Amino acid sequence: MKGKRLLGLLFFFLLACGAFAGEPGEVRLTIGQKVRSAQVLEGQDGKKGLLFYAQSRYARLWFAPEACDSLEQSAQKYLEQFEKRRLKRKKKGAFEKIGKKTPLFLEWGSQKDNLDRFAKAEADFGYVFLANSPYFSILIPNVQNQAQDGGPALFDSGAIQISFTKAQLQSLLDALSR
């Protein structure tokens, strides 16, 4: 009984650390307390993207080359502070911003192949402590659906926070730099 429990805890730890990377072009990320897979996309004009499932909907997040640079700079600052143990602990789950607001393009919908809602968004990069461990985070505030002018708030994006362990972040940076 103890062996199975320890094996389960070891598996969960390795999964949370991003040890099982999945398919090529796939990265692991954390939304809330759940570890999920995200597909790395390559779009037109050098844009890179992530397709993931969050909060009962699919979302596609597009990074222009400038946004990728901003993400990389913020991630490097985070990793430096992480290594020097200079990350500030605030209240549980409080977001600490690193870097500047970065414009992104967000698409979302209820089906993976039909993302019929979209908006230009501004994301913040930073970190948050979840379960006493630091996670690099991308925080996207609620944005209004631009596919439907003046529509009900039901179709807004809702705030999205995507978090990455150190290993998951390194995997994301590697995937976006290809």
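Under the working numbering, the residues of the sequence shown are numbered 355 to 532, in order. We treat Cβ as the ideally placed atom computed from N, Cα and C, and that holds for glycine. Given the structure is predicted, the values throughout are model-derived calculations rather than measurements.
Nonlocal neighbours in the same chain, by C-beta distance under 7 Å from residue i, ignoring five residues either side
i: proline 488; result: Phe436, Leu441, Tyr481
i: valine 381; result: Ala392, Val394, Gln522, Ser525, Leu526, Ala529
i: arginine 411; result: Trp462, Gly463, Ser464
i: lysine 401; result: Trp416, Phe417, Ala418
Range covered by the beta strand (DSSP E) that runs through residue i
i: aspartate 478; result: 471-484
i: serine 487; result: 487-494
i: glutamine 502; result: From DSSP, glutamine 502 is part of no beta strand (DSSP E); its letter is neither H nor E.
i: lysine 402; result: 402-408
i: serine 391; result: 388-396
i: phenylalanine 459; result: 456-463
Whole-number beta carbon distance between residue j and residue i, since they are thought to touch under 8 Å
i: leucine 404; j: alanine 392; result: 5 Å
i: alanine 413; j: leucine 383; result: So it is not a contact: roughly 11 Å between Cβ atoms.
i: glycine 447; j: leucine 484; result: 7 Å
i: alanine 501; j: arginine 532; result: Actually they are not in contact, since the Cβ atoms of alanine 501 and arginine 532 sit about 30 Å apart, beyond 8 Å.
Host alpha helix (DSSP H) of residue i (start-end)
i: alanine 521; result: 520-531
i: phenylalanine 436; result: 419-437
Cβ shell of residue i (< 8 Å), same chain only, five flanking positions each side left out
i: glutamate 377; result: Summary for glutamate 377: the model assigns pLDDT 45, below 50, so the residue's position carries little reliability, and this model does not support an answer.
i: phenylalanine 449; result: Asp478, Gly480, Tyr481, Val482, Ser491, Leu493, Gln515
i: glutamine 409; result: Ile385, Gly512, Ile514
i: arginine 443; result: Phe483
i: lysine 455; result: Glu476, Ala477, Asp478
i: leucine 469; result: Tyr412, Ala413, Arg414, Glu461, Trp462, Gly463
Residues sharing a beta bridge with residue i, DSSP
i: glutamine 515; result: Leu493
i: isoleucine 385; result: Lys388
i: leucine 415; result: Leu404, Leu460
i: lysine 451; result: Gly480
Chain D within 8 Å of residue i, Cβ atoms only
i: glutamine 398; result: Judged by its chain identifiers, the structure shown contains no chain D, having just a single protein chain.
Same chain, Cβ closer than 6 Å to residue i, neighbours up to 5 away in sequence not counted
i: serine 517; result: Thr384, Tyr489, Ser491
i: valine 552; result: This structure cannot speak to residue 552, because the chain is shown only from 355 to 532.
i: glycine 379; result: Val394
i: lysine 466; result: Tyr412
i: tyrosine 432; result: Ile452, Tyr481, Phe490
i: proline 457; result: Glu476
i: serine 428; result: Ile452, Gly453, Phe479
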